[in-house]
Amino acid sequence: MRIAILSDLHIGYERFREDAFSQAGTALEMAAKEADAILIPGDIFDYRHPKPDVIAEGMIAFKRISGAAFKARVIKLEGREKYTDRPIVAIPGTHERRADGEIDAVDLLSLSGLLVNANKAMAVIEKGDEKVCVYGIGGVAEERFRETIKALNPRPVEGAFNIFFFHQSIYETLPFSSDFIHIEELPIGFDLYVCGHIHSRYEGKCHGKDLLIPGSTVLTQLKEGEQEEKGFFIYDTESRSYSFLGIGSRKFVNISIDVSGKDAGKINGEIERAVADAAGKFERPVVRVALAGEAKDRLVQASIRTPEAGGAAVEISKSGIKNVEAEAIAEEIREERLGEVSIKELGMKIFLSRLKEKGYQMSIDPVELLEILDSEEGKEKVVSKAIEALLT
Ligand SMILES: [Mn+2]
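Quick note: this note's numbering has the sequence shown finishing at residue 392, numbered continuously throughout.
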């Protein structure tokens, strides 16, 4: 069986709304032509509560492939109700995730008979005498994934080709948190592992079998690693091999410019040329210009312009600019405010000036009063002591 694996369509994604819709459509149409079945590991929509027009975009994208002559059928869904036998099997991702038992956006597509929702369920896909069993777990909070696997205990079925698909961060691809699952912790015995959530493509191994992450079909993060072409995998269960098909996604170009010692005019000139160059090479590219280095003076940042370049979407990142002058001013302020004075002394100064403003005239010395209020004892004791001191 030839299975298309596409993920993270993010329909409704505001920054590139049109791209999200059209590229999801291209991926689905190509997949319907090339494959016997389609697997989608989450984030079909960009929202937990998509508006009706966004839901409609999702429905249209899937409706467009309703005429596809898939050779495979979903003959059984264990753990959920099945509304179609179309071999398009999906789970909700973190973007669609809702509390257990609540209807999410993927349920809506499932109820409409556009796909099969295999969240915490196993779909059995049949083509001729071949059976593929697909077990899915939709996106959950990272710290809950281990217990979710344990509770559901997904197991492969004998005599079938078994796929486990999910939507989480994987520690080996994102080593940022101990909550992220390690590849070796994934359930054993499956013939193929498929994950969504990560927006760039990844090909690895899990328990000796392929672990595939196709990445998103739309550009979202504007990071260096997103310059590769978007697309999807086709996995052949017979030869146990796969290939990646590009969907002709809008090209993303990341450009770095060093601003050190340059004035705004020179920097703007360099930005314009780099953007024009990218716009000349690619159709309507998304261009991110990352500026870095020590700017000449404070005015440089404010004078940087975003150039217009025939259909290109341009984003300029100034976060890498070190503004020497501004940093010196901030340092001065810090020194002047605090200097050698401790926080407590500063507090005392403020306290005294406030008392003066209010016309404080009581017999107890304000410094003594603050000492009482600042003592280590319990709150009630401190307050009663202060009142006593004030009234006697
Ligand atoms: Mn995603």
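We put the beta carbon where it would ideally sit given N, CA and C, even for glycine.
Span separating the alpha-carbon of residue i from that of residue j
{"i": "Phe161", "j": "Ala4", "result": "15 Å"}
{"i": "Ala20", "j": "Pro285", "result": "15 Å"}
{"i": "Ser59", "j": "Leu109", "result": "Contrary to the premise, residue 59 reads as Met rather than Ser in this sequence. So the alpha carbons of these two residues sit roughly 7 Å apart."}
{"i": "Gly128", "j": "Ala72", "result": "8 Å"}
{"i": "Asp179", "j": "Ile198", "result": "16 Å"}
{"i": "Gly248", "j": "Ala32", "result": "16 Å"}
{"i": "Ala90", "j": "Lys322", "result": "46 Å"}
{"i": "Val314", "j": "Lys209", "result": "41 Å"}
{"i": "Arg398", "j": "Glu345", "result": "Since the displayed the chain opens at 1 and closes at 392, residue 398 lies outside it and no answer follows."}
{"i": "Ala61", "j": "Ala279", "result": "29 Å"}
{"i": "Phe351", "j": "Leu370", "result": "8 Å"}
{"i": "Ala121", "j": "Glu81", "result": "9 Å"}
{"i": "Met348", "j": "Val367", "result": "7 Å"}
{"i": "Ser317", "j": "Glu57", "result": "31 Å"}
{"i": "Asn376", "j": "Arg144", "result": "The identity of residue 376 in the sequence shown is Glu, whereas the question assumes Asn. Those two C-alpha atoms are separated by around 41 Å."}
{"i": "Arg354", "j": "Ala389", "result": "19 Å"}
{"i": "Glu142", "j": "Ala312", "result": "36 Å"}
{"i": "Ala68", "j": "Met30", "result": "10 Å"}
{"i": "Phe435", "j": "Ser169", "result": "The question about residue 435 has no answer here: the residues shown for the chain are numbered 1 through 392."}
{"i": "Leu114", "j": "Ser303", "result": "51 Å"}
{"i": "Ile188", "j": "Asp104", "result": "29 Å"}
{"i": "Ala151", "j": "Gly79", "result": "14 Å"}
{"i": "Pro154", "j": "Ala27", "result": "29 Å"}
Coil, strand or helix - residue i by DSSP
{"i": "Ala151", "result": "helix"}
{"i": "Arg288", "result": "strand"}
{"i": "Asp122", "result": "For the sequence presented, residue 122 should be read as Met rather than Asp. Three-state DSSP puts Met122 in a strand."}
{"i": "Asp365", "result": "coil"}
{"i": "Arg394", "result": "Nothing in the structure corresponds to residue 394, since the chain is present only between 1 and 392."}
{"i": "Asp277", "result": "helix"}
{"i": "Arg73", "result": "strand"}
{"i": "Ala386", "result": "helix"}
{"i": "Glu34", "result": "helix"}
{"i": "Val134", "result": "strand"}
{"i": "Leu39", "result": "strand"}
{"i": "Ala24", "result": "helix"}
{"i": "Glu315", "result": "strand"}
{"i": "Leu211", "result": "strand"}
{"i": "Gly139", "result": "coil"}
{"i": "Ile170", "result": "strand"}
{"i": "Ser303", "result": "coil"}
{"i": "Ile255", "result": "strand"}
{"i": "Val106", "result": "helix"}
{"i": "Lys127", "result": "strand"}
{"i": "Gly265", "result": "helix"}
{"i": "Ser353", "result": "helix"}
{"i": "Asp19", "result": "helix"}
{"i": "Ala56", "result": "helix"}
Per-residue burial, residue i [other beta carbons within 10 Å of its own, 16 or more giving buried]
{"i": "Asp100", "result": "exposed"}
{"i": "Ser216", "result": "buried"}
{"i": "Gln221", "result": "exposed"}
{"i": "Gly93", "result": "buried"}
{"i": "Leu174", "result": "exposed"}
{"i": "Val450", "result": "Outside the shown range of the chain (1 to 392) lies residue 450, about which nothing can therefore be said."}
{"i": "Ser319", "result": "exposed"}
{"i": "Pro52", "result": "exposed"}
{"i": "Gln361", "result": "exposed"}
{"i": "Arg288", "result": "buried"}
{"i": "Ile396", "result": "In this structure the chain extends from 1 to 392, so residue 396 is not present and cannot be described."}
{"i": "Lys230", "result": "buried"}
{"i": "Leu391", "result": "exposed"}
{"i": "Arg201", "result": "buried"}
{"i": "Arg86", "result": "buried"}
{"i": "Asp36", "result": "buried"}
{"i": "Ser243", "result": "exposed"}
{"i": "Asp374", "result": "exposed"}
{"i": "Gly136", "result": "buried"}
{"i": "Leu211", "result": "buried"}
{"i": "Glu158", "result": "exposed"}
{"i": "Glu126", "result": "buried"}
{"i": "Ser7", "result": "buried"}
{"i": "His167", "result": "buried"}
{"i": "Leu77", "result": "buried"}
Whole-number beta carbon distance between residue j and residue i, since they are thought to touch under 8 Å
{"i": "Asn254", "j": "Glu224", "result": "6 Å"}
{"i": "Phe190", "j": "Pro156", "result": "5 Å"}
{"i": "Lys385", "j": "Ile372", "result": "5 Å"}
{"i": "Phe165", "j": "Val194", "result": "4 Å"}
{"i": "Ile267", "j": "Val275", "result": "That pair is no contact at about 13 Å."}
{"i": "Thr237", "j": "Val74", "result": "About 15 Å separates the two Cβ atoms, so there is no contact after all."}
{"i": "Leu192", "j": "Tyr235", "result": "6 Å"}
{"i": "Gly261", "j": "Lys296", "result": "6 Å"}
Any chance the stretch 289-301 sits against the stretch 21-31, with 3 or more Cβ pairs inside 8 Å? The stretch 289-301, when compared against the stretch 21-31, does not touch it at the 8 Å Cβ threshold.
Taking one C-beta from the stretch 7-14 and one from the stretch 32-47 each time, how about it: are there three or more such pairs within less than 8 Å? The way I'd put it, the stretch 7-14 does touch the stretch 32-47; three or more beta-carbon pairs between them come closer than 8 Å.
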